[in-house]
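Novice: Numbering (our numbering), first residue to last: 73 to 439.
1) For the alpha helix (DSSP H) that residue 264 lies in, which residues bound it at each end?
2) Which class does residue 391 belong to by DSSP, given the choice of helix, strand or coil?
3) For the beta strand (DSSP E) containing residue 113, name the first residue and the last one.
4) For residue 432, is the classification buried or exposed, using 16 other Cβ atoms within 10 angstroms of its Cβ as the cut-off for buried?
5) Between the Cα of residue 346 and the Cα atoms of 228, 84, 397 and 120, which residue gives the shortest distance?
6) Determine the DSSP secondary structure at residue 143, reduced to helix, strand or coil.
7) Would you say residue 392 and residue 351 are within 8 Å of each other, going by their C-beta atoms?
8) Go ahead and pull the three-state DSSP assignment for residue 325.
9) Please list the terminal residues of the continuous beta strand (DSSP E) segment that includes residue 298.
10) Whole angstroms are fine: how far does the CA of residue 337 sit from the CA of residue 186?
11) For residue 314, count neighbouring Cβ atoms within 10 angstroms of its own Cβ and tell me buried if that reaches 16, exposed if not.
12) Please state if the CB of residue 133 and the CB of residue 113 are separated by a distance shorter than 8 Å.
13) By how many angstroms is the C-alpha of residue 285 removed from the C-alpha of residue 322?
14) Taking just the CA atoms, how far does residue 330 sit from residue 387?
15) May I have the straight-line CA-CA distance separating residue 142 from residue 105, to the nearest angstrom?
16) Between which two residues does the alpha helix (DSSP H) carrying residue 245 extend?
17) According to DSSP, what are the bridge partners of residue 334?
18) Between which residues of its own chain and residue 410 is the CB-CB distance below 8 Å, once the five residues before and five after are set aside?
19) Relative to the C-alpha of residue 243, which candidate in 402, 376 and 74 has its C-alpha closest?
20) Who are residue 121's beta bridge partners in DSSP?
21) What does DSSP give as the partner residue(s) for residue 150 in the beta ladder?
22) So, helix, strand or coil for residue 282, using DSSP?
23) Out of 382, 334 and 335, state which residue places its alpha-carbon closest to the alpha-carbon of residue 355.
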């Protein structure tokens, strides 16, 4: 086992010389312990060195006995190289199976995502193309009725263009989150005003529908640092989900609660709710309660993943309370922090609230 051609080559060699220098003291202490405590059987696995200094895994079985009036240790060494190799193979196989299953699951998610993505893109593009065809026909012999119909087609085409923009923005943001390239533009401001202003804009946008948005707060003003654009996107995404899944119950509630060191934002609806088995996956990338192409509501399954990621970028937490058939409540808690405004340049005015709402609600057909 030690690789010697002749047993005479072993004569005169110390047994401990077949252990590494680091292990020699430990081995000596072990044998002294066997003698001192008169252990009848001590089994351990260790490595010894062959004549070329190559490690060999062995099982060391040592026993104390008295030989010619002296305490003695008898040791049997068994080469367990084949056992170790088999164990490593079994471990590798088990690990490879785990990796394979994880890869299969992820590939299934990716395949499902791109299938849904293709469906999400194809639907609005078909609508836009059909609208272009109809407008082209109406322009050949225009009259008042055809002009009115063309205006309706243009409105539908605009909504579907916004839907594609929203889809691509979400997809790009997901990629940026994975690469860590998204940076918040946090500034000190009144988060209560930001949320209330957006809720009022949504309520005005929905004034001709049967959807009621009820806003309440226990604090009139709360100055803290946050990225206004991101907070608005979070709120619009949650309201969009509540509208989509509210069925005939159209009361949606937005609450703000002040906890001094943190702020609580709640969005609650009275809709169909989420099954308990699905709550754990809806914040996952590509996670959907219903991922079939025949589902009633459109979506790629990355909206709530983005919401959760944006909340966590603010140092906050998000959770969902829901019971199937009894609505859903999303609870966000953000830490109250104040940052030093290093750049006080006034931001150039971009989209209006109505434009943001039109884009975020572009896949809701009931509006």
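Cβ coordinates follow ideal geometry from the N, Cα and C atoms, glycine included.
Quick caveat, the model's predicted, so the values are computed rather than measured.
Specialist: For this structure:
1) One-based indexing of the chain shown puts residue 264 at position 192. That run of the alpha helix (DSSP H) goes 263-277.
2) Taking the chain shown and counting its residues from 1, one reaches residue 391 at position 319. Strand, per DSSP.
3) The residue given as residue 113 occupies position 41 in the chain shown. Segment: none, residue 113 is in no beta strand (DSSP E) and carries neither H nor E.
4) Translated into positions along the chain shown, residue 432 becomes position 360. The residue in question, residue 432, is buried, as its Cβ has 16 or more Cβ neighbours within 10 Å.
5) Walking along the chain shown from the start, residue 346 turns up at place 274. Comparing Cα positions, the closest option is 397.
6) Your numbering for residue 143 matches position 71 in the chain shown. Of the three classes helix, strand and coil, the one that applies to residue 143 here is strand, per DSSP.
7) In the chain shown, the residue the question calls residue 392 occupies position 320. In the chain shown, the residue the question calls residue 351 occupies position 279. Yes; because the gap between Cβ atoms is below 8 Å, this pair is in contact.
8) The count along the chain shown starts at 1 and reaches residue 325 at position 253. DSSP places residue 325 in strand when its eight states are reduced to three.
9) Here residue 298 corresponds to residue number 226 of the chain shown, with the count starting at 1. Residues 295-298.
10) Residue 186 sits at position 114 when you count from the first residue of the chain shown. Residue 337 sits at position 265 when you count from the first residue of the chain shown. Taking the straight line joining both Cα atoms gives about 33 Å.
11) As a first step, residue 314 must be located in the chain shown, where it is residue number 242. When all chains shown are included, residue 314 counts as buried.
12) Here residue 113 refers to the residue found at position 41 when the chain shown is read from its first residue. Here residue 133 refers to the residue found at position 61 when the chain shown is read from its first residue. For residue 113 and residue 133, yes; Cβs fall inside 8 Å.
13) Start at 1 with the first residue of the chain shown, and residue 322 comes out as number 250. Start at 1 with the first residue of the chain shown, and residue 285 comes out as number 213. Their Cα atoms are separated by approximately 8 Å.
14) The residue you call residue 387 lines up with position 315 of the chain shown. The residue you call residue 330 lines up with position 258 of the chain shown. If you take the alpha carbons of residue 387 and residue 330, they lie about 16 Å apart.
15) Counted from its first residue, the chain shown places residue 142 at position 70. Counted from its first residue, the chain shown places residue 105 at position 33. Each residue's alpha carbon lies about 15 Å from the other.
16) As a first step, residue 245 must be located in the chain shown, where it is residue number 173. Its alpha helix (DSSP H) spans residues 216-251.
17) Here residue 334 is taken as the residue at index 262 of the chain shown, counted from 1. Residue 334 pairs with 407.
18) The residue given as residue 410 occupies position 338 in the chain shown. Excluding sequence neighbours, residue 410 sits near 260, 295, 296 and 297.
19) Counting from 1 along the chain shown, the entry for residue 243 is found at position 171. Considering only alpha carbons, the answer is 376.
20) On the chain shown, position 49 is the one that residue 121 refers to. Bridge partners of residue 121: 127.
21) Residue mapping note: residue 150 aligns to position 78 of the chain shown, counting from 1. In the DSSP output, where bridge partners are listed per residue, residue 150 has 131.
22) Position 210 of the chain shown, counted from the first residue, corresponds to residue 282. Residue state, collapsed to three classes: coil.
23) Taking the chain shown and counting its residues from 1, one reaches residue 355 at position 283. Nearest C-alpha to residue 355: 382.
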